[in-house]
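Novice:
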Amino acid sequence: MKKQQRIMMRILTIVLCAALLMPLLPMNAKAVTPGQAGAVGIDVSKYQGNVDWNAVRNSGVTFAFIKAYSSYSGVDPYFARNITGANAVGIRTGVYVYSYATTVEEAVAEANAVIGILQNYTVTFPVAIDIEDSSQKHLSPEQLAAIANAFCATVENAGYYPMVYASKYWFQNRIAPVAYDVWVAQYAAECEYPGVPSFWQYSCTGSIPGIAGAVDMNYQYRDYSFIVANGFSQRGGNTYFYLNYRWQRGWIDYNGARYYCDVTGVMRTGWIDLGGAIYYLGEDGVMSTGLRPVGDAIYYFGTDGIRKSGLFEIEGQHYLFDAEGKMFTGWHITPEGTYYFSELDGHMMKGWYAENGKMYFFDEMGHMVVGFREIDGFKYYFSIDGTLQTGWLNLNEGTFYMNEGGQMYYGWLALPDGIYYLDPENGNMHRGWLSAGGNTWFFDLATGKMQTGWVAVGENMYYFNPDGTLFKGVYADAGGIKYCDPTDGHLVVGFVEIGGNTFFFDPANGGYMLINTTVTIGEQVFLIDANGFVVGM
Numbered sequence: 254m255k256k257q258q259r260i261m262m263r264i265l266t267i268v269l270c271a272a273l274l275m276p277l278l279p280m281n282a283k284a285v286t287p288g289q290a291g292a293v294g295i296d297v298s299k300y301q302g303n304v305d306w307n308a309v310r311n312s313g314v315t316f317a318f319i320k321a322y323s324s325y326s327g328v329d330p331y332f333a334r335n336i337t338g339a340n341a342v343g344i345r346t347g348v349y350v351y352s353y354a355t356t357v358e359e360a361v362a363e364a365n366a367v368i369g370i371l372q373n374y375t376v377t378f379p380v381a382i383d384i385e386d387s388s389q390k391h392l393s394p395e396q397l398a399a400i401a402n403a404f405c406a407t408v409e410n411a412g413y414y415p416m417v418y419a420s421k422y423w424f425q426n427r428i429a430p431v432a433y434d435v436w437v438a439q440y441a442a443e444c445e446y447p448g449v450p451s452f453w454q455y456s457c458t459g460s461i462p463g464i465a466g467a468v469d470m471n472y473q474y475r476d477y478s479f480i481v482a483n484g485f486s487q488r489g490g491n492t493y494f495y496l497n498y499r500w501q502r503g504w505i506d507y508n509g510a511r512y513y514c515d516v517t518g519v520m521r522t523g524w525i526d527l528g529g530a531i532y533y534l535g536e537d538g539v540m541s542t543g544l545r546p547v548g549d550a551i552y553y554f555g556t557d558g559i560r561k562s563g564l565f566e567i568e569g570q571h572y573l574f575d576a577e578g579k580m581f582t583g584w585h586i587t588p589e590g591t592y593y594f595s596e597l598d599g600h601m602m603k604g605w606y607a608e609n610g611k612m613y614f615f616d617e618m619g620h621m622v623v624g625f626r627e628i629d630g631f632k633y634y635f636s637i638d639g640t641l642q643t644g645w646l647n648l649n650e651g652t653f654y655m656n657e658g659g660q661m662y663y664g665w666l667a668l669p670d671g672i673y674y675l676d677p678e679n680g681n682m683h684r685g686w687l688s689a690g691g692n693t694w695f696f697d698l699a700t701g702k703m704q705t706g707w708v709a710v711g712e713n714m715y716y717f718n719p720d721g722t723l724f725k726g727v728y729a730d731a732g733g734i735k736y737c738d739p740t741d742g743h744l745v746v747g748f749v750e751i752g753g754n755t756f757f758f759d760p761a762n763g764g765y766m767l768i769n770t771t772v773t774i775g776e777q778v779f780l781i782d783a784n785g786f787v788v789g790m
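Here the working numbering is used: the first residue of the sequence shown is 254, the next is one more, and so on.
(1) Contact between the stretch 471-490 and the stretch 393-408: three or more CB pairs below 8 Å?
(2) On the DSSP bridge assignment, give the partners of Q570 in chain order.
(3) Going by alpha carbons, who is nearest to G630 out of L641, V622, M661?
(4) At what residue ranges does the stretch 353-418 contain a whole run of the beta strand (DSSP E), taking only runs of 3 or more?
(5) Can you grab the Cα-Cα spacing for the pair L277 / D537, in whole Å?
(6) Quick one: what does DSSP say Q777 is sitting in, helix, strand or coil?
(7) Please name the residue in I637, T643, H585, L723 whose C-alpha comes closest to that of G610.
(8) Name the DSSP bridge partner or partners of Y715?
(9) Say whether the stretch 409-417 touches the stretch 492-502, bearing in mind that this needs 3 or more beta-carbon pairs closer than 8 Å, one atom from each stretch.
(10) What residue range is occupied by the uninterrupted alpha helix (DSSP H) comprising A333?
(11) By a C-beta neighbour count over all protein chains shown, 10 Å radius and 16 as the cutoff for buried, is N410 buried or exposed?
(12) Short check: CB of F615 to CB of K603, under 7 Å?
(13) Between the Cα of I586 and the Cα atoms of H600, H620, K579, which residue gives the shortest distance?
(14) Is DSSP giving A667 helix, strand or coil here?
(15) Does the contact criterion of 3 or more C-beta pairs under 8 Å hold for the stretch 305-314 versus the stretch 453-464?
(16) Rounding to the nearest angstrom, what Cα-Cα distance links P279 and C444 in this structure?
(17) Which ranges does the beta strand (DSSP E) cover as unbroken runs of at least 3 residues, wholly within the stretch 555-623, from first to last along the chain?
(18) For chain B, check one thing: does any of its Cβ atoms lie closer than 7 Å to the Cβ of L780?
(19) In three-state DSSP terms, what is G732?
(20) Could you give the distance in angstroms between the alpha-carbon of I672 and the alpha-carbon of Y728?
(21) Examine the Cβ distances between the stretch 719-734 and the stretch 686-698 and report whether three or more of them are shorter than 8 Å.
(22) With DSSP run on the structure shown, which of helix, strand or coil describes R499?
(23) Ends of the beta strand (DSSP E) at Q808?
(24) Which one of N303, D329, V516, Y532 has the shortest CA to CA distance from A523?
(25) Cα separation between D469 and Q439?
(26) Which same chain residues, not among the five before or five after D296, have their C-beta less than 6 Å away from its C-beta?
(27) Pick helix, strand or coil for G288, following the three-state DSSP scheme.
(28) To the nearest angstrom, report how far apart H391 and Y513 are at their CA atoms.
(29) Tell me whether the beta-carbon of P719 lies closer than 7 Å to the beta-carbon of T705.
(30) Would you kindly check if the distance between the Cβ of V772 and the Cβ of F758 is under 7 Å?
(31) When the Cα of F479 is compared with those of P379, V293, M601, which residue comes out closest?
(32) Count the other CB atoms within 10 Å of the CB of N335; is the residue buried (16 or more) or exposed (fewer)?
(33) Which residues bound the beta strand (DSSP E) around Y300?
(34) Just to confirm my understanding: we take M275, look at its own chain, exclude 5 residues before and 5 after, and list those with CB closer than 7 Å. What are they?
(35) On the CB-based measure, 16 or more other CB atoms within 10 Å of its CB, does K421 come out buried or exposed?
(36) For G343, which residues of its own chain have a beta-carbon under 7 Å away from its beta-carbon, when the five flanking residues on both sides are left out?
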């Protein structure tokens, strides 16, 4: 219903404009002659009976107007035979309606009737309204022009090229100027119509091979090869599209591509907005689909041609398009996570990514990874800004070491500043005592470094070999002899019985064993010989 209302409004606009702006044609005219004509044709109806269209073509006739309909007699009984026969031999075919309309509404009804009749036929020339009936003589010039314009607007809206037929006298005396091409009847040596008519019906008593009896003869003065065309047609700086010689509007599918012609029939290019759906049509008019660069941005159009916004998977890659449809590149931070879209082609980064000497990793959903993440059997750590970490990590979970490739280190680790042990299960740096394989080590409680030499642990002293293993038993150095407990390795001081003999390790002298001396403990005095044996009291 809305579409019909729009069509009627367009018809009324044309009718009113023509009535208000165009007075009756002046009587003085510059004549057109047969010598100026571009082609010769005929118009036929049931009155010509059976036509031999091959003979007509061979006589030099290149076009024919065929009566299709009148509201009084209906479809011309020879219409189908005539239009099919003329088309079959290559004669361009127009049609006409003999009008009895006395109102705009009746003219629209006549137009709709002929449009319905033509649906199964090819019409390659204009569709004309023939205004000459005696029932129309009482109408004013403005009323007749309104009838002609209403008919033509309706035909035009259906994709056909409209035209008005009348005699020169009617055009100059009965019909106000119309907004469409004219076909003028004047049976004379010249057509004295103001301006140049599209067609001149110069005789109603013509005789040509293929038709028994008289036939109307016409000259053509306007070239319709680009006006009523098939396929694309350039005209007045614009491109139009005709399908089976019918002017098209709206979406057009042609040769595997899609085009759009607006309400005026002009093929559109560039950006168009159809009810909020945004499309882009190339310079050739082809509707864009898929990824398409436009200006300095790249856009994505669905298979329906509509510009998309948001995140889309395209050929296995994900891309992000902003509210204006522009492809997003660079870092994108959302409540769901942080993403990176390639500066080169816009695809969502997944896996490893290097930027400014820093490494990042994005999971299978494109989220930038933070914290610990196992990748291909190795464990990595990414800071809150997503950068891969190397070296020591001091975290709430513990202390860890990541090698130059960012992989977590496990087990023994030798660095220039010392030796460390990292838990083989979780990589956490070990502190304190460690026993393994019959050996014992101690790692500094603060730094985690493996200890060597004499080390105070709690209230005891221990000695750790250069390889960090705990020493047990008799210890000798340049300062003398010390004794480390054979069970737990702590430095023993005071009296110690070893191998059935008693020795004294002086707590006041770093635990060294005393020799050739006495030692007083309380009120007792002990004698110690040259071997360190306690020999008397």
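Note that the Cβ used here is the ideal one computed from N, Cα and C, for glycine as well. Since the structure is predicted, the reported quantities are computational estimates derived from the model, not experimental observations.
Specialist: This is what the structure holds:
(1) Contact between the stretch 471-490 and the stretch 393-408 is absent, because fewer than three Cβ pairs lie under 8 Å.
(2) Locating residue 570 in the sequence shown gives position 317, where the first residue counts as 1. Per DSSP, the beta-bridge partners of Q570 are I567.
(3) The residue given as residue 630 occupies position 377 in the sequence shown. Ranking the options by Cα distance to G630, first place goes to M661.
(4) Entirely contained in the stretch 353-418, the beta strand (DSSP E) runs reaching 3 residues are, in chain order, 380-383.
(5) If you number the sequence shown from 1, residue 277 lands on position 24. If you number the sequence shown from 1, residue 537 lands on position 284. Residue placement at L277 is poorly supported in this model, since its pLDDT is 42, which falls under 50; the coordinates still yield a value, given next. Spanning the two alpha carbons is a distance of roughly 43 Å.
(6) Looking up residue 777 in the sequence shown gives position 524. If DSSP states are grouped into helix, strand and coil, Q777 belongs with the strands.
(7) For this step, residue 610 is matched to residue 357 along the sequence shown. The candidate whose alpha carbon is nearest that of G610 is T643.
(8) Numbered from 1 along the sequence shown, position 462 holds the residue referred to as residue 715. Beta-bridge pairing by DSSP links Y715 to V708, H743.
(9) As far as the Cβ criterion goes, the stretch 409-417 touches the stretch 492-502, which means the pair count is three or higher.
(10) Looking up residue 333 in the sequence shown gives position 80. Looking at the DSSP string, the run of the alpha helix (DSSP H) that includes A333 is 332-341.
(11) Residue mapping note: residue 410 aligns to position 157 of the sequence shown, counting from 1. Buried.
(12) As a working note, residue 615 is residue 362 in the sequence shown. As a working note, residue 603 is residue 350 in the sequence shown. Between F615 and K603, the gap from beta carbon to beta carbon is short of 7 Å.
(13) Taking the sequence shown and counting its residues from 1, one reaches residue 586 at position 333. Residue H620 is the option with its Cα nearest to I586.
(14) Along the sequence shown, one-based indexing puts residue 667 at 414. Strand, per DSSP.
(15) Taking 8 Å as the limit for Cβ pairs, the verdict is that the stretch 453-464 does touch the stretch 305-314.
(16) Position 26 of the sequence shown, counted from the start, is the residue given in the question as residue 279. Position 191 of the sequence shown, counted from the start, is the residue given in the question as residue 444. Here P279 scores only 41 on pLDDT, less than 50, and its place in the model is too uncertain to base an answer on.
(17) For the stretch 555-623, the continuous beta strand (DSSP E) assignments of 3+ residues that do not extend past its boundaries occur at 563-567, 570-574, 583-587, 590-594, 604-608, 611-615, in sequence order.
(18) You won't find chain B in this structure, because it holds only one protein chain.
(19) Within the sequence shown, numbered from 1, the residue matching residue 732 stands at position 479. Three-state DSSP puts G732 in coil, outside helix and strand.
(20) Walking along the sequence shown from the start, residue 672 turns up at place 419. Walking along the sequence shown from the start, residue 728 turns up at place 475. Looking at the two C-alpha atoms, the distance is approximately 24 Å.
(21) When C-beta atoms of the stretch 719-734 are compared with those of the stretch 686-698, three or more pairs fall below 8 Å, so the two segments count as touching.
(22) Translated into the one-based positions of the sequence shown, residue 499 becomes position 246. Strand.
(23) No information on residue 808 is available, as it lies outside the stretch 254 to 790 that the chain covers here.
(24) To locate residue 523, count along the sequence shown from 1; it is residue 270. Just to set this straight, residue 523 is Gly in the shown sequence, not Ala. Ranking the options by Cα distance to G523, first place goes to Y532.
(25) Within the sequence shown, numbered from 1, the residue matching residue 469 stands at position 216. Within the sequence shown, numbered from 1, the residue matching residue 439 stands at position 186. For the pair D469 and Q439, the Cα-to-Cα distance works out to about 11 Å.
(26) Walking along the sequence shown from the start, residue 296 turns up at place 43. Taken in chain order, the residues that qualify are F318, D469.
(27) Position 35 of the sequence shown, counting from 1, holds the residue named residue 288. Looking at G288 - three-state DSSP - the assignment turns out to be helix.
(28) To locate residue 391, count along the sequence shown from 1; it is residue 138. To locate residue 513, count along the sequence shown from 1; it is residue 260. For the pair H391 and Y513, the Cα-to-Cα distance works out to about 44 Å.
(29) In the sequence shown, counting from the first residue as 1, residue 719 sits at position 466. In the sequence shown, counting from the first residue as 1, residue 705 sits at position 452. Between P719 and T705, the gap from beta carbon to beta carbon is short of 7 Å.
(30) The sequence position of residue 758 within the sequence shown is 505, counting from 1. The sequence position of residue 772 within the sequence shown is 519, counting from 1. Not a contact, by the Cβ cut-off of 7 Å.
(31) For the purposes of this step, residue 479 is identified with residue 226 of the sequence shown, where counting begins at 1. Cα-wise, what sits closest to F479 is P379.
(32) Position 82 of the sequence shown, counted from the first residue, corresponds to residue 335. With 16 or more other CB atoms across the displayed protein chains lying within 10 angstroms of its CB, N335 is buried.
(33) Taking the first residue of the sequence shown as 1, we reach residue 300 at position 47. Neither: Y300 is in no beta strand (DSSP E) and is coded neither H nor E.
(34) Indexing the sequence shown from 1 puts residue 275 at position 22. Residue placement at M275 cannot be trusted, given a pLDDT of 37 that sits under 50; the coordinates are not used to answer.
(35) Counting from 1 along the sequence shown, the entry for residue 421 is found at position 168. So K421 ends up on the buried side.
(36) In the sequence shown, residue 343 corresponds to position 90, counting from 1. Same-chain partners within the cutoff: R310.
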